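By my numbering, the letter at position 110 of the sequence shown is numbered 110, and the numbering carries on one by one without gaps.
Don't be surprised by glycine CBs; every beta carbon is placed ideally from N, CA and C.
Nothing here was measured: the structure is a model prediction, and the numbers come from that model.
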Amino acid sequence: MNKTIDITKQMKTWGGFFGKSYTYRNMSTLEELDKSYKKNYNVTRTELNKIFLGEIKKDIKILEVGSNIGNQLALLQKMGFKNLYGIEINSNAIEISRKRTTDINIIHGSAFNIPFKDDYFDLVFTSGVLIHIAPTDIKLVMEEIYRCAKRYIWGFEYYSDAHTPITYRGHANLLWKADFSKIYLSLSDDLRLVKEKHLKYADSNNVDTMFLVEKMRRRSKKSEDRSKC
């Protein structure tokens with residue numbers, strides 16, 4: 001925490017008018033969000049959430065990094081999760097999220113400097129956020145997520161075997177696809193891949209991925225501590 005991070009092009013872009021336009025362009029209800037997933041992948045986001053988090057206790061503390069208008073958190077709330085937090089770089093999206101959600105704490109913040117203590121959350125996740133971080137910066141963001149996550153890291157992002165730039169609405173250096181779960185696993189030998197699902201688009205060969213990574217060393221230490229009691 002309290003690191004000094006230069007404002008990157010991506011932070012400036014998504015935190016400003018371009019990000020505001022994105023928010024209004026992608027406004028949807030939870031029902032519309034599920035319908036778009038069903039159309040794109042033949043499975044709803046709610047169904048994917050249950051596949052990956054269905055066995056996890058509902059009272060765990062969860063943080064979404066890059067929560068935008070709060071739809072992903074609201075879907076988790078609908079599943080029964082109670083302790084939900086979000087950080088978002090675009091102030092306009094935060095204002096909208098606060099009007100659209102109840103009992104979800106969404107604050108202004110950057111993925112480069114998450115304003116919470118080490119291991120503060122049981123699970124930290126992103127949904128379409130890592131794709132907007134430059135390859136030169138991606139490990140800095142992942143290390144922050146790793147720092148704040150006590151046990152699980154969950155993600156849903158564009159997939160490619162190698163980091164690949166994508167032109168976004170005529171702009172370069174705003175969007176990339178990669179094997180993000182593999183990059184996470186390269187951060188530390190205490191991480192293991194619990195589950196991953198590649199989701200091919202119905203109308204193209206593009207692929208997205210959802211993955212769940214677990215921090216094993218901290219879990220093992222807790223087990224050792226309990227055995228000493």
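TODO: Excluding the 5 residues preceding and the 5 following Ile131 in the sequence, name in chain order all residues of the same chain whose CB lies nearer than 7 Å to its CB.
DONE: By the criterion of a C-beta distance shorter than 7 Å, Ile131 is surrounded in its chain by Glu157, Tyr158, Leu175, Trp176, Lys177, once the five residues flanking it on both sides are discounted.
Task: Cβ-Cβ separation, Ala93 to Asn113 (assumed contact under 8 Å), whole Å - done: With a Cβ gap of about 18 Å, Asn113 and Ala93 do not count as contacting.
Task: Cβ separation of Leu76 and Ile62, assumed to be a contact under 8 Å, to the nearest whole Å - done: Going by Cβ atoms, the distance from Leu76 to Ile62 rounds to 7 Å, so yes, they are a contact pair.
- [ ] Compute the Euclidean distance between the alpha carbons of His198 and Val207, then round it to the nearest angstrom.
- [x] If I take the Cα positions, the gap works out to 6 Å.
Open item on the list: Looking at the strands, I want to know which residues DSSP matches up with Arg45.
Closed with: Within the DSSP secondary-structure output, Arg45 pairs in no beta bridge.
Task: Beta-carbon contacts of Phe211 that lie in its chain and below 6 Å, excluding the five residues immediately before and after - done: Taken in chain order, the residues that qualify are Gly155, Ser181, Glu196.
Task: Cα-Cα separation, Lys57 to Leu33 - done: The alpha-carbon atoms of Lys57 and Leu33 are separated by roughly 24 Å.
Open item on the list: Restricting to runs no shorter than 4 residues, where is the alpha helix (DSSP H) found entirely within the stretch 54–98?
Closed with: Qualifying alpha helix (DSSP H) stretches, in chain order: 71–79.
Task: Coil, strand or helix - Glu224 by DSSP - done: Confidence is the limiting factor: at Glu224 the pLDDT is only 44, short of 50, which leaves the residue's position unreliable, though a coordinate-based value still follows. Three-state DSSP puts Glu224 in a helix.
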